[in-house]
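Undergrad: Protein sequence lines, in the order shown, are assigned to chains A and B. Per this note's numbering, the first sequence starts with residue 786, numbered consecutively. Per this note's numbering, the second sequence starts with residue 449, numbered consecutively. Cβ coordinates follow ideal geometry from the N, Cα and C atoms, glycine included. Quick caveat, the model's predicted, so the values are computed rather than measured.
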Amino acid sequence: MTDPIIRFDNVTYHYPGTEEPALRDIDLEIMPGEYVAILGLNGAGKTTLGLCVNGVVPTMLGGTLEGSVTVGGLDVGEYPVREMAKIVGMVFDNPEFQMSQLSAAEEVALGLENAGIAYEDMVRIIPETLELVGLKGFEERSPLGLSGGQQQRLAIAAVLAMKPQILIMDEPTSNLDPIGKQEVFSIAGKLNKEAGMTVVVIEHEVEVMAKFADRVIVIDHGRIVMNGAPEEILSRVKELGALGLRAPEAAVLADDLRARGLWTGPTPTTTAPAVEQVRTMIGAARG
Amino acid sequence: MTMTTALPIAMIPGDSVIHRINPIAKLVWVVGYIVLAFSTQNIFILASMAVFAFLLGIVAGVLKPLLKAMIILVPIGSSLLALQIIAPAVERPWTLAGSIGPLSLYGDGLYYGFVLLGRVVASLIIALVMVMTTHPSDLFTSLAKLKMPYTLNFMLAMTLQLIPVFQREFGVIMSAQKSRGMKGTGFSAVLPSFVPVFVGAIERVQQLSISLESRGFGSDGHKTSYRQVRVRVRDWIIGGLGAVLIVGLSVYSIIRGTWSLSGEIVFSGAFVTTLFAIAALTFFGFIAFTIIYGFTRK
Ligand SMILES: Nc1ncnc2c1ncn2[C@@H]1O[C@H](COP(=O)(O)OP(=O)(O)OP(=O)(O)O)[C@@H](O)[C@H]1O
Ligand SMILES: [Mg+2]
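1. With a threshold of 6 Å (Cβ to nearest heavy atom), would A/Y800 be considered close to ligand 1?
2. Would you say A/E895 lies against chain B (beta-carbon separation less than 7 Å)?
3. List, in order along the chain, the chain A residues whose C-beta lies closer than 7 Å to that of B/M596?
4. Compute the distance between the beta-carbons of B/V420 and B/I574, then report whether it is under 7 Å.
5. Buried or exposed: which applies to A/S932, given that a residue is buried once 16 or more other Cβ atoms fall within 10 Å of its Cβ?
6. From the DSSP output, which residues share a beta bridge with A/T983?
7. Could you tell me whether any non-hydrogen atom of ligand 1 is closer than 6 Å to the CB of A/N899?
8. Using alpha carbons as the reference points, say which of A/E868, A/T1049, A/T855, A/G1046 lies closest to A/M816.
9. Among A/T849, A/T787, A/D1005, which has the Cα closest to the Cα of A/L826?
10. Is A/D878 near ligand 2 - that is, is its Cβ less than 6 Å away from at least one heavy atom of it?
11. Would you list the one or two residues that DSSP bridges to A/F793?
12. Taking C-beta pairs closer than 8 Å, name the residues in chain A that B/T607 reaches, listed in chain order.
13. Straight-line CA distance for B/W542 to B/Y560?
14. Look at the alpha carbon of A/V985 and the alpha carbon of A/A822, and state the distance between them as a whole number of angstroms.
15. For A/L808 and A/I1002, what's the separation of their Cα atoms in angstroms?
16. Residues of chain B with CB closer than 9 Å to the CB of A/A889, please, in chain order.
17. By the three-class DSSP mapping on this structure, what secondary structure does B/I469 have?
18. Which class does A/N879 belong to by DSSP, given the choice of helix, strand or coil?
19. Return helix, strand or coil for A/V1063, following the three-state DSSP convention.
20. In chain order, what residues of the segment 666–678 of chain B put their CB closer than 9 Å to some CB of chain A?
21. Is A/T844 near ligand 1, judged by its Cβ being under 6 Å from some heavy atom?
22. Checking contacts by CB at 7 Å: is A/A1036 closer than that to chain B?
23. If B/S662 and A/A870 are in contact, beta carbons under 8 Å, what's the gap, nearest whole angstrom?
24. Closer than 7 Å, CB to CB, is B/R652 near chain A or not?
25. In chain B, which residues lie with their C-beta within 9 Å of the C-beta of A/K871?
26. What is the rounded straight-line gap between the Cα of B/T452 and the Cα of B/L515?
27. Given a threshold of 16 other Cβ atoms within 10 Å of its Cβ, counted over all protein chains shown, does A/W1048 qualify as buried or as exposed?
28. Could you tell me if A/M1011 is buried or exposed, where buried requires 16 or more neighbouring beta carbons within 10 angstroms of its beta carbon?
29. The alpha helix (DSSP H) with A/D1081 in it runs from where to where?
30. Consider the C-beta atom of A/A940 and the heavy atoms of ligand 1; say whether any pair is separated by less than 6 Å.
31. What's the call for A/I910, buried or exposed, on a 16-neighbour Cβ count within 10 Å?
32. If B/A570 and B/Y481 are in contact, beta carbons under 8 Å, what's the gap, nearest whole angstrom?
33. Using a Cβ-Cβ cut-off of 7 Å, state whether A/I951 counts as contacting chain B.
34. I'd like to know whether the C-beta atoms of A/D794 and A/G852 end up nearer to each other than 7 Å.
35. Please classify B/F758: is it buried, with 16 or more other beta-carbons within 10 angstroms of its beta-carbon, or exposed?
36. Figure out for me which residue from B/G505, B/S667, B/G664, B/S710 has the closest Cα to the Cα of B/M580.
And the structure:
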């Protein structure tokens, strides 16, 4: 039995000067190599949960944290964020405020320099990573002069280049076009499969989650209310609806058809099996 | 790309001779300039220093941003001269050069005013040229190589990281003011923006420090540098020359009791009176212009 790489033990967290906790009684274990997606309404506590993993909450933002968060065997509250950076890579939800360097290449270099990566390796890693996120040839561009989507890609590259054991991404594709979204999630998927990187993404697009994640966690008012495989969680159309969340189109359609007695079998969460089953049904109806 | 030009105090990328000088050699010059400027009262030395620094700025190709930043000298310089003429900051006896109404004007004051102005102008120009031609992380790397204490270096690097944040904040707020019908150019447009800029900037500063720390900025352990800073023979020569020249002149000035020429140079009464009038008018004109321009919203 391996130990979980991320572990929340009965965590309740209050931001400084707030009455309502942003996180309540969180118990959560994430195993090394898992690809976890976090879903929830605005203000549910997703970002706060992510910030607990590298210790920005509570070491930089203050407030009171009850319970404990353990990451890679370290008690997060005990170490500064800059030391946690050796294990956890974090892509924040506001890319424009993460840029501080004069060129894209230097933005990517920052984390490598701090990790003590040799110059000879940097000159290889930087263009490689920029190419990976679709910013080939952008090395000398000023980060401030990039589009929102390009900045988001650069923020991702800056973290990926460090090859963290754990990658947390907070709405990393909010500014990206549909193809860009797919790219980012499949890059994360690839690193997850091939390098065993543990990935946690905070995301609103349920379709994408159903396709890439091993596990979906739903947060509501600071509590974990659902936690399981995407097929299991995302097919619960009514429960998600009650929380104000939307299930994947395929699940909604199947659920509708089932109510009219037209659907049998499991509720699909991705489009492909749903399309197939509908085709079969149409075929059967004709034949 | 107009966003980052609102406050011209960051690096202007370029490949001039000045850009390529080692940051430490440049730092020697800046520190030396300041030391010399404040140890001499010889206006010819001060004027040559200012002119030389300005020429460096031209060679570096940063003339335009340099001039823009120097607008700040207009109110400072004119008020300084006007005040010194009517109330010299030197020991009496003062020599009366003329009067305007109830105001007595003194020639010694004008000399000392020139000295003060020369000090500010020379130091400011050289510092601006340095900042505009030096990459912050090159300076950081070089200082680390000199075994500068890490915390100090970290603070300096952090400060330099924040300059673009302030600039960006200025840019955003200026365009917001512009869209509300305020003229978004010049010094006067910047003035009403100070408060929102600082409020916004504090928040940005926190977000940026979170982002930097999350990428290991300031962590323990061995650090490397992506930007390779070379120290060439040329840099040794430039740094050494600067040090020798400046130390020499400073020591000589101090030996000669600041080398003030106020005894030798006597300004004519007409000159002092005219200059006072110009300085006072410039100062009040600038203030009036700023207020009127700043508060006129279409
Ligand atoms: N710095 C802060 N100080 C005080 N309260 C905060 C702070 N940041 C967030 N909160 C509060 O904590 C709660 C959870 O916020 P959080 O940012 O974690 O939500 P989220 O699920 O990420 O939402 P979104 O989808 O909008 O990003 C919200 O009620 C929010 O108002
Ligand atoms: Mg959030």
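TA: The short version:
1. Residue numbering aside, residue 800 of chain A sits at position 15 when the first sequence is read from its first letter. Yes.
2. Within the first sequence, the letter at position 110 stands for residue 895 of chain A. One point to set straight first is that residue 895 of chain A is Leu, not Glu, in the sequence displayed. Taking Cβ atoms only, chain B reaches closer than 7 Å to A/L895, which makes this a yes.
3. Your numbering for residue 596 of chain B matches position 148 in the second sequence. Under the 7 Å cutoff, chain A gives no residues; its nearest Cβ is about 16 Å from B/M596.
4. Only positions 449 to 746 of chain B appear in the structure, and residue 420 of chain B is not among them; the question remains open.
5. Counting from 1 along the first sequence, the entry for residue 932 of chain A is found at position 147. So A/S932 ends up on the exposed side.
6. Start at 1 with the first residue of the first sequence, and residue 983 of chain A comes out as number 198. DSSP lists A/I951 as partners of A/T983.
7. Position 114 of the first sequence, counting from 1, holds the residue named residue 899 of chain A. Result no, Cβ not under 6 Å from ligand 1.
8. Here residue 816 of chain A refers to the residue found at position 31 of the first sequence. When each option's Cα is compared against that of A/M816, the closest is A/T855.
9. Along the first sequence, one-based indexing puts residue 826 of chain A at 41. Nearest C-alpha to A/L826: A/D1005.
10. Taking the first sequence and counting its residues from 1, one reaches residue 878 of chain A at position 93. Yes, the beta carbon of A/D878 sits closer than 6 Å to at least one heavy atom of ligand 2.
11. As a first step, residue 793 of chain A must be located in the first sequence, where it is residue number 8. Partner(s): A/L813, A/V854.
12. As a working note, residue 607 of chain B is residue 159 in the second sequence. Within 8 Å Cβ-Cβ: nothing; B/T607 doesn't reach chain A, min ~12 Å.
13. Working through the second sequence from its first residue, we reach residue 542 of chain B at position 94. Working through the second sequence from its first residue, we reach residue 560 of chain B at position 112. Roughly 12 Å separates the two Cα atoms.
14. The residue you call residue 985 of chain A lines up with position 200 of the first sequence. The residue you call residue 822 of chain A lines up with position 37 of the first sequence. Their backbone Cα atoms lie some 6 Å apart in a straight line.
15. One-based indexing of the first sequence puts residue 808 of chain A at position 23. One-based indexing of the first sequence puts residue 1002 of chain A at position 217. One C-alpha to the other measures close to 14 Å.
16. Along the first sequence, read from residue 1 onward, the residue named residue 889 of chain A stands at position 104. What A/A889 touches in chain B: nothing, since even the nearest Cβ is about 12 Å away.
17. Translated into the one-based positions of the second sequence, residue 469 of chain B becomes position 21. Coil.
18. The count along the first sequence starts at 1 and reaches residue 879 of chain A at position 94. Looking at A/N879 - three-state DSSP - the assignment turns out to be coil, as it is neither helix nor strand.
19. Position 278 of the first sequence holds residue 1063 of chain A. In this structure, A/V1063 counts as helix in the three-state DSSP scheme.
20. G666, S667, D668, G669, H670, K671, T672, S673, Y674, R675, Q676
21. Counting from one through the first sequence, the residue named residue 844 of chain A turns up at place 59. Answer for A/T844: no, Cβ out of range of ligand 1.
22. Stepping through the first sequence from its first residue, residue 1036 of chain A is reached at position 251. A/A1036 does not count as touching chain B.
23. As a position in the second sequence, residue 662 of chain B is number 214, starting the count at 1. As a position in the first sequence, residue 870 of chain A is number 85, starting the count at 1. About 6 Å separates the beta carbons of B/S662 and A/A870, which is inside the 8 Å limit, making them a contact pair.
24. Position 204 of the second sequence, counted from the start, is the residue given in the question as residue 652 of chain B. At least one chain A Cβ lies under 7 Å of B/R652.
25. Translated into the one-based positions of the first sequence, residue 871 of chain A becomes position 86. Ordered by position in chain B, the residues that pass the 9 Å Cβ test against A/K871 are G664, S667, G669.
26. If you number the second sequence from 1, residue 452 of chain B lands on position 4. If you number the second sequence from 1, residue 515 of chain B lands on position 67. Confidence at B/T452 is low in this model, with a pLDDT of 39, below 50, so its placement is unreliable and the value that follows should be read with caution. Each residue's alpha carbon lies about 16 Å from the other.
27. Residue 1048 of chain A sits at position 263 when you count from the first residue of the first sequence. By the Cβ neighbour-count rule, A/W1048 is buried, with 16 or more other Cβ atoms within 10 Å of its own.
28. Within the first sequence, numbered from 1, the residue matching residue 1011 of chain A stands at position 226. Counting C-beta atoms within 10 angstroms of its own C-beta, A/M1011 has 16 or more neighbours from the protein chains shown and is therefore classed as buried.
29. Residue numbering for chain A in the displayed model covers 786 to 1072; residue 1081 of chain A lies beyond these limits and cannot be assessed.
30. The sequence position of residue 940 of chain A within the first sequence is 155, counting from 1. A/A940: no, Cβ never under 6 Å from ligand 1.
31. Translated into positions along the first sequence, residue 910 of chain A becomes position 125. Buried is the call here.
32. For the purposes of this step, residue 570 of chain B is taken as the residue at position 122 of the second sequence. For the purposes of this step, residue 481 of chain B is taken as the residue at position 33 of the second sequence. Confirmed, Cβ separation roughly 6 Å.
33. Position 166 of the first sequence, counted from the start, is the residue given in the question as residue 951 of chain A. Closer than 7 Å: no.
34. Here residue 794 of chain A refers to the residue found at position 9 of the first sequence. Here residue 852 of chain A refers to the residue found at position 67 of the first sequence. Cβ atoms of A/D794 and A/G852: closer than 7 Å.
35. With chain B running from 449 to 746 in the structure shown, residue 758 of chain B is simply not present.
36. As a first step, residue 580 of chain B must be located in the second sequence, where it is residue number 132. The shortest Cα separation from B/M580 among B/G505, B/S667, B/G664, B/S710 belongs to B/G505.
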